[in-house]
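First residue of the sequence shown: 38, per our numbering; consecutive thereafter. Just so you know, even glycine gets a beta-carbon here, dropped at the ideal spot from N, CA and C. In what follows, a structure is listed as structure tokens, so that the remarks can point back to it.
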Amino acid sequence: MGSRRKSIPVDSLLQLRQRLDRLPPKSPERATQIAAIAQLYSVSVTTVYRALHFALKPRSVHRCDHGIPRVLPQPELEHYCELIAALKLRTTNKSGRHLSTERTIQLLEEYGVQTEQGVVPMFREQPKPWLLELQEEMEKRMERERAYSARFREKIEKVWNECLPFSSHVTEPMRLYFKNRELLFKVDEVEKSDSLRFNPAMSYYDEDGNEVGKFPTIVCAIRDIEGNLVTLHRIYLTQNGKKAKVGNAKKMVPIPEGLDVNGAAIRLGEPTEGILGVAEGLETALSAYRVTQIPVWSTVNATLMESFEVPEGVHTVLIWADKDKSVTGEKSANMLKAKLEKRGTRVYVLLPKLPIPPRAKGIDWNDVLMSQGSLGFPNARYLRDFIARRRAEYDRH
38 MGSRRKSIPV
48 DSLLQLRQRL
58 DRLPPKSPER
68 ATQIAAIAQL
78 YSVSVTTVYR
88 ALHFALKPRS
98 VHRCDHGIPR
108 VLPQPELEHY
118 CELIAALKLR
128 TTNKSGRHLS
138 TERTIQLLEE
148 YGVQTEQGVV
158 PMFREQPKPW
168 LLELQEEMEK
178 RMERERAYSA
188 RFREKIEKVW
198 NECLPFSSHV
208 TEPMRLYFKN
218 RELLFKVDEV
228 EKSDSLRFNP
238 AMSYYDEDGN
248 EVGKFPTIVC
258 AIRDIEGNLV
268 TLHRIYLTQN
278 GKKAKVGNAK
288 KMVPIPEGLD
298 VNGAAIRLGE
308 PTEGILGVAE
318 GLETALSAYR
328 VTQIPVWSTV
338 NATLMESFEV
348 PEGVHTVLIW
358 ADKDKSVTGE
368 KSANMLKAKL
378 EKRGTRVYVL
388 LPKLPIPPRA
398 KGIDWNDVLM
408 SQGSLGFPNA
418 RYLRDFIARR
428 RAEYDRH
């Protein structure tokens, strides 16, 4: 005879589901709790996910099947249906027989209570001691994570406040870095958005957490749509304005739990006349800003570009896309274009016309600026006139 298939008690699944519902969707603690249950019952993580899905979240639920009024709010309906499915499975596991919906509802009335938060299961049998210990340990771990996240947010604010403004007299490595890349722009205009600062001696840590040394560092504030500081992006330099010879000269500070970097950006200037540019890298954004005098915000990478959110008052977005052999930059630009156009924003994607060198992964607008100067860009006056004409045509129709 084959070995009996291992299963997870429905009580445990219900309690696990309640704990998961209290966590943010992208919290790493969700995976930790699921892994703990998997280890506890000696099953795979996949088995736990399947058990949660099939036991507590039926694929198809018809309100009429359970005698639920159609005016019942959707959250309460979902809790109600989940309990019905769970009670059915629970009884079937014990007796080996199917349970009718009518009997299930009777059990629901017997084992569950209605609260302001919805239907909450109230099983007669007391939870097992080991389950209480596990739940207590997980709650303690969650509390530690919340405390760590709060301290981490404070640390990010502290690091940012310790950095110096671009206009400070000690920012020579930062100025040399921008000069080496032909990035000459109006410092006072960029400083209005307070997103570029400098640290003359910021510690660099390797992947094992060991301090490699202290380096002059460009520190960029990544802000959400409301302008709140989410995290920091750093570019480690040498004293002569080159990238530092470390494992990764460009590093983003990890995102504190409870915050979301999606939709955020490094703000370089404030939108003018309802027009805003968007680019991946800081250097690309500053290149387009220098030539066109239209503020350009940096999303740091292609993934964050796809989630970029347009601030209020912007009607036109210029996406200065990277030209990659993998086409990643172009794909992300077009995904953002499609998303924003659905919301009524006019969007134009601009790709460099230069061919990609044989040994390069791609080129961006900073490469264009360094090789062709402003002649490699669309004329700034033409861009503004083109946008004005298209907007007038749009308004007429």
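| Asked | Found |
| --- | --- |
| Short of 6 Å in beta carbon distance, which residues of its chain neighbour LYS287, apart from the five on each side in sequence? Order them along the chain. | ILE272 |
| Between THR377 and the rest of its own chain, which residues show a CB-CB distance below 7 Å, the 5 nearest in sequence each way excluded? | In the sequence as presented, Thr is not what sits at residue 377; that position holds Leu. Hits under 7 Å: VAL347, VAL354, VAL384. |
| Once you ignore the five residues that flank TYR214 on each side, which residues in its own chain have a CB closer than 6 Å to its CB? | LEU274, GLY278 |
| What first and last residue would you give for the alpha helix (DSSP H) that runs through GLY366? | 365 to 379 |
| Contact check, VAL351 vs ILE303 under 8 Å by CB: the rounded distance? | Incorrect: roughly 16 Å between the Cβ atoms, too far for contact. |
| Can you have a look at ILE193 and say buried or exposed, based on whether 16 or more other CB atoms are within 10 angstroms of its CB? | buried |
| Does the separation of the CB atoms of ALA400 and LYS368 fall below 7 Å? | Note on identity: in this sequence residue 400 is Ile, with Ala being the wrong assignment. Result no, Cβ atoms of ILE400 and LYS368 do not sit closer than 7 Å. |
| If I'm right that ALA281 touches PHE235 with Cβ under 8 Å, what's the distance once you round it to whole angstroms? | Going by Cβ atoms, the distance from ALA281 to PHE235 rounds to 14 Å, so no, they are not a contact pair. |
| Going straight from the alpha carbon of ARG54 to that of MET239, what length do you get? | 43 Å |
| Under the three-state reduction of DSSP, which class applies to LYS63: helix, strand or coil? | coil |
| Would you report the Cα separation of LEU296 and PRO62, rounded to the nearest angstrom? | 11 Å |
| Kindly indicate the opening and closing residues of the beta strand (DSSP E) around PHE414. | That residue, PHE414, is in no beta strand (DSSP E); it is neither H nor E in DSSP. |
| Per DSSP, which one or two residues make a beta bridge with ALA286? | For ALA286, which the question treats as bridged, DSSP gives no partner whatsoever. |
| Can you name, in chain order, every residue of its own chain whose Cβ lies under 7 Å from the Cβ of SER204, other than the five neighbours on each side? | VAL224, GLU228 |
| Is PHE222 helix, strand or coil by DSSP? | coil |
| Return helix, strand or coil for PRO95, following the three-state DSSP convention. | With a pLDDT of only 44 at PRO95, under the threshold of 50, the placement of this residue in the model should not be trusted; the figure read from the coordinates follows. Coil. |
| Which word fits LEU319, buried or exposed, when buried means at least 16 other C-beta atoms lie within 10 angstroms of its C-beta? | buried |
| Near ARG188, which residues of its chain fall below 8 Å by C-beta distance, leaving aside the five closest residues on each side in sequence? | none |
| Counting along the chain, where does the beta strand (DSSP E) carrying ASN217 start and finish? | Element bounds for ASN217: not the beta strand (DSSP E) but the alpha helix (DSSP H), 209 to 217. |
| Look at the alpha carbon of LEU266 and the alpha carbon of THR208, and state the distance between them as a whole number of angstroms. | 22 Å |
| According to DSSP, which residues form a beta bridge with CYS200? | Bridge partners of CYS200: none, in fact. |
| Ignore the nearest five residues each way along the sequence and tell me which others in PRO202's own chain have a CB closer than 7 Å to its CB. | GLU228, ARG234 |
| If you draw a straight line from the alpha carbon of THR254 to that of HIS270, how long is it in whole angstroms? | 10 Å |
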